[in-house]
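Student:
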Amino acid sequence: MAAHSPEKLNEDVLRPLVRTSWRFYLTGGILASIVLAALAAFIYQVYTGIGVSGLDRPVFWGFYITNFVFWIGISHAGTLISAILRLTDARWRRPVTRCAEAITVFALLIGGMFPIIHLGRPYLFFWLFPYPSERGIWPNFHSPLLWDAFAISTYLTGSSIFLYLPTIPDFALVRDKAQGWRKKFYGFLSLGWTGTPKQWHRLEMAMRIMAVVILPVAVSVHTIVSWDFAMAPVPMWHSTVFGPYFVAGAIFSGIAALIIAMAILRKAFHLEEYLTPFHFDKLGKLLLMMSLVWAYFIIAERLTVWYGNESPEMAVYWSTQQGRFTHLFWFMVICNLAVPFLILSIKQFRNTITGPVIASTTVVIGMWIERFLIIVPPLERKYLPYSWGTYRPSWVEITITAGTFAAMALLYMIFSKLVPIISVWEMKLGWQQEGEVPRAVASQAPLPQLAPRADLPAAGN
Amino acid sequence: MARQWGMVVDLDRCTGCEACVVACHAENNIATVGEDQAARGRAMHWMRVERYWEGNFPNVRVTYRPVFCQQCGDAPCESVCPTYASYHNPEGLNAQIYNRCIGTRYCGNACPYNVRFFNFYNPVWDKPLNLQLNPDVSVRSVGIMEKCTFCIQRIKVAEFRAQAEKRPLKDEEFNPACVQSCPPKAMVFGDLDDPTSEVSRLAQSNRSTRLLEEVGTLPNVIYLRSVS
Numbered sequence: 001m002a003a004h005s006p007e008k009l010n011e012d013v014l015r016p017l018v019r020t021s022w023r024f025y026l027t028g029g030i031l032a033s034i035v036l037a038a039l040a041a042f043i044y045q046v047y048t049g050i051g052v053s054g055l056d057r058p059v060f061w062g063f064y065i066t067n068f069v070f071w072i073g074i075s076h077a078g079t080l081i082s083a084i085l086r087l088t089d090a091r092w093r094r095p096v097t098r099c100a101e102a103i104t105v106f107a108l109l110i111g112g113m114f115p116i117i118h119l120g121r122p123y124l125f126f127w128l129f130p131y132p133s134e135r136g137i138w139p140n141f142h143s144p145l146l147w148d149a150f151a152i153s154t155y156l157t158g159s160s161i162f163l164y165l166p167t168i169p170d171f172a173l174v175r176d177k178a179q180g181w182r183k184k185f186y187g188f189l190s191l192g193w194t195g196t197p198k199q200w201h202r203l204e205m206a207m208r209i210m211a212v213v214i215l216p217v218a219v220s221v222h223t224i225v226s227w228d229f230a231m232a233p234v235p236m237w238h239s240t241v242f243g244p245y246f247v248a249g250a251i252f253s254g255i256a257a258l259i260i261a262m263a264i265l266r267k268a269f270h271l272e273e274y275l276t277p278f279h280f281d282k283l284g285k286l287l288l289m290m291s292l293v294w295a296y297f298i299i300a301e302r303l304t305v306w307y308g309n310e311s312p313e314m315a316v317y318w319s320t321q322q323g324r325f326t327h328l329f330w331f332m333v334i335c336n337l338a339v340p341f342l343i344l345s346i347k348q349f350r351n352t353i354t355g356p357v358i359a360s361t362t363v364v365i366g367m368w369i370e371r372f373l374i375i376v377p378p379l380e381r382k383y384l385p386y387s388w389g390t391y392r393p394s395w396v397e398i399t400i401t402a403g404t405f406a407a408m409a410l411l412y413m414i415f416s417k418l419v420p421i422i423s424v425w426e427m428k429l430g431w432q433q434e435g436e437v438p439r440a441v442a443s444q445a446p447l448p449q450l451a452p453r454a455d456l457p458a459a460g461n
Numbered sequence: 462m463a464r465q466w467g468m469v470v471d472l473d474r475c476t477g478c479e480a481c482v483v484a485c486h487a488e489n490n491i492a493t494v495g496e497d498q499a500a501r502g503r504a505m506h507w508m509r510v511e512r513y514w515e516g517n518f519p520n521v522r523v524t525y526r527p528v529f530c531q532q533c534g535d536a537p538c539e540s541v542c543p544t545y546a547s548y549h550n551p552e553g554l555n556a557q558i559y560n561r562c563i564g565t566r567y568c569g570n571a572c573p574y575n576v577r578f579f580n581f582y583n584p585v586w587d588k589p590l591n592l593q594l595n596p597d598v599s600v601r602s603v604g605i606m607e608k609c610t611f612c613i614q615r616i617k618v619a620e621f622r623a624q625a626e627k628r629p630l631k632d633e634e635f636n637p638a639c640v641q642s643c644p645p646k647a648m649v650f651g652d653l654d655d656p657t658s659e660v661s662r663l664a665q666s667n668r669s670t671r672l673l674e675e676v677g678t679l680p681n682v683i684y685l686r687s688v689s
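One line per chain: the protein sequences are A and B, in this order. Everything in the first sequence is counted per the working numbering, starting at 1 for the first residue and increasing by one. Everything in the second sequence is counted per the working numbering, starting at 462 for the first residue and increasing by one.
1. Straight-line CA distance for A/R91 to A/P356?
2. Just how far apart, CA to CA, sit B/R662 and B/V528?
3. Based on Cα-Cα distance, which residue from A/L36, A/S416, A/T320, A/I74 lies nearest to A/V18?
4. Using the beta-carbon of each residue, which ones in chain A are nearer than 7 angstroms to B/V676?
5. Could you confirm whether any beta carbon from chain A is found closer than 8 angstroms to the beta carbon of B/A571?
6. State yes or no: is the C-beta of A/I72 within less than 8 angstroms of the C-beta of A/G111?
7. At what residues does the beta strand (DSSP E) containing B/V676 begin and finish?
8. With a threshold of 8 angstroms between beta-carbons, can A/S143 be considered close to chain B, or not?
9. Residues of the stretch 378-395 of chain A with a CB closer than 7 angstroms to any CB of chain B: list them in chain order, please.
10. Rounded to whole angstroms, what's the CA-CA distance from B/W586 to A/C99? Just pull it up for me.
11. Does DSSP classify B/D471 as helix, strand or coil?
12. For A/T157, which three-state DSSP category applies?
13. For the stretch 551-565 of chain B against the stretch 77-87 of chain A, do three or more pairs of beta-carbon atoms, one drawn from each stretch, fall closer than 8 angstroms, so that the two count as touching?
14. Quick one: grab the DSSP three-state call for B/T524.
15. Under the rule that 16 or more other beta-carbon atoms within 10 Å means buried, what is A/P132, buried or exposed?
16. Answer yes or no: do A/P235 and A/R381 have a C-beta to C-beta separation smaller than 8 angstroms?
17. DSSP state of B/M606, grouped into three classes?
18. Would you mind giving the Cβ-Cβ distance between A/F24 and A/M413, rounded to the nearest angstrom? I have them listed as a contact below 8 angstroms.
19. Using a Cβ-Cβ cut-off of 8 angstroms, state whether B/G534 counts as contacting chain A.
20. Let's see if you can read the secondary structure: which residues bound the beta strand (DSSP E) around B/Y548?
21. Looking at the unbroken alpha helix (DSSP H) that takes in A/I514, where does it start and where does it end?
22. Residues of chain A with CB under 9 angstroms from B/F578, in chain order?
23. Spell out a yes or no on whether the stretch 267-278 of chain A and the stretch 121-139 of chain A are touching, meaning 3 or more CB-CB pairs, one atom from each, closer than 8 angstroms.
24. Closest Cβ-Cβ distance between B/P645 and chain A: below 8 angstroms?
25. State whether the stretch 34-43 of chain A contacts the stretch 395-404 of chain A, with contact taken as three or more CB pairs (one from each stretch) at a distance under 8 angstroms.
26. Taking all protein chains shown into account, decide if B/F518 is buried (16 or more other Cβ within 10 angstroms of its Cβ) or exposed.
27. Between which two residues does the beta strand (DSSP E) holding B/I650 run?
28. With the cut-off set at 8 angstroms, would you say A/L108 and A/Y155 are in Cβ contact?
29. From A/T66, A/L36, A/P95, pick the residue whose C-alpha is nearest to that of A/D12; which is it?
30. Beta carbon of B/L554, beta carbon of B/F611: below 8 angstroms?
31. What's the gap between the Cα of A/I34 and the Cα of A/A406?
32. Determine the burial state of A/H270: buried for a count of at least 16 other Cβ atoms within 10 Å of its Cβ, exposed for fewer.
33. Does the stretch 388-395 of chain A come within contact of the stretch 281-294 of chain A, defined as at least 3 CB pairs closer than 8 angstroms?
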């Protein structure tokens, strides 16, 4: 396509790596101070005892576990969506995958911290891992928390590789263009990439394998997170629907996070040419579909509970439908269903970028509330009415929660300053395939034949 | 010899005096958390007496139910603990290994009876209460779970004594603090696997029920209550 210029793409995508405006430092400073406040709150909690949170008996889990589930859910933005789009060879994925995969890695890092933050004795978290101990003690493999530890570390490893692999040619591109410390830095990161057909072939093979491998890992991770709840005999936790319900919710919130991230990147780095309304339209449709899937799951969950009419479950059910959590519940439904449905089902709204961004923002808020409503109301109304309780978050929990949102934004900002946020070589390859190679052949053509062309990083362009 | 320690609580005898609660606190070094913390739902009573009112004034009937760890045969708290802090000991007790607990509080969520307690802060005893701590029971620090142990320290002492005197242990020899202190003798403790023990005789009563039996936890605490 004549309109696309590889030189302009290089210029547009690599500009943020070398030029930084005062706005970046200002935003970074604000975010960093929120993160520091959260860190201080955590240190205070460790020093004083977890009593500084709002937790009590019987609500032993609150904001921290909500954040844990929420962030692990957000992490499904990247790897899962990107892997599906790669496997189905959706052409519009090319400018989207990198920003999506980065969300996964950072959301996982943040989400993975929460099981440690919430511990009564956080300094002993490593007891969850089966390391050789002089006392011969082994962790309990029956515990869903242990499954969590394995699932999340597997997913983090996998998605880091998944993010890193397709970045290698882009690191090489930056290395070839950069001077000074950047040349060394990107030279190290590009692992000696020269763009030979053999290297392209290996990269292509590795990406195909990773895309297939990461899908079941991603699905299993959020299923296992849901089993933290579903395995315990707590009314309205102990449910078979939780696995798929959590995975669907994770993809739902993940797409929303991706749309927001893309909109910010587009504005901040002037990537209007690459992240177009077309992409927002596509992702908007996906978000709309997931919104309906989410609604289906919540109806499936609640209708069966209501119809079954078991008294312990009904106590929980009514506390969300006609009790303390009613307003929160309906607010969640508005955020997760009403707003996205109204905006995204109408083409005129979906085609604007503002529309999907508003819908995504409400979805992210709504999904956080959804996690909260899954965790807290059942614990408050657990069997014997004599020991029912209530939960109110403390300032420590709220500060740490705010800190994680800031940390996510900060990590993402730093990432976007160090790594080309759009996959340059994939964009170029796409243009080549569409412009010069017939469509049917393009999807089958092995990369090495296409690779050593003038506008690919290997040639130094 | 394998035993299955168990308890029978006769609800028709219980007067709700809460002597068991006090005895339990004294025996097991349970921290008193103070008014503010108790109001926030952080009071630690391994033993609590639940009160229920039936009927309308003036025809009110009050019933009491002492609730404590049911020492479940199939305990939800045990399987969920990632570090084996909550485990099933060979005498059928739900043991809690304080040193091993990292404070995930998962056991507390999984427990249908809400009888597991968490140390939200380091325990403090006002003087001179700090001088009356039971030397046989470890004091628990911040961040770990605790719960009724059936006074395992007393069980161990009795077992060691019987062993030293080379004779079988009889369950009438000793009692947990709550049973010992119960004025109407509403509680009986003993070996449920021994068909001759009083506890297993009472467990056969046609008044016997188990709390939240439908959850499938197989509790080893049996409540006796006449059905009117």
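Ideal Cβ positions, reconstructed from N, Cα and C, are used throughout, including at glycine.
Tutor: So, from the listed chains and residues:
1. 20 angstroms
2. 21 angstroms
3. A/S416
4. P233
5. Judged by the 8 angstroms Cβ criterion, B/A571 is in contact with chain A.
6. yes
7. Segment: none, B/V676 is in no beta strand (DSSP E) and carries neither H nor E.
8. yes
9. L379, K382, Y383, L384, Y386, S387, G389
10. 55 angstroms
11. strand
12. Of the three classes helix, strand and coil, the one that applies to A/T157 here is helix, per DSSP.
13. no
14. strand
15. Classification of A/P132: exposed, given that the 10 Å Cβ count is below 16.
16. yes
17. If DSSP states are grouped into helix, strand and coil, B/M606 belongs with the strands.
18. 7 angstroms
19. no
20. From DSSP, the beta strand (DSSP E) with B/Y548 extends over 547-549.
21. Outside the displayed span of chain A (1 to 461) sits residue 514 of chain A, for which this structure offers no information.
22. Counting only Cβ-Cβ distances below 9 angstroms, B/F578 has contacts in chain A at R57, in chain order.
23. Touching, no, given that fewer than three Cβ pairs across the two stretches are closer than 8 angstroms.
24. Taking Cβ atoms only, chain A never reaches closer than 8 angstroms to B/P645, which makes this a no.
25. yes
26. exposed
27. Just to set this straight, residue 650 of chain B is Phe in the shown sequence, not Ile. 648-652 is the span of the beta strand (DSSP E), which, as asked, contains B/F650.
28. yes
29. A/P95
30. yes
31. 6 angstroms
32. exposed
33. no
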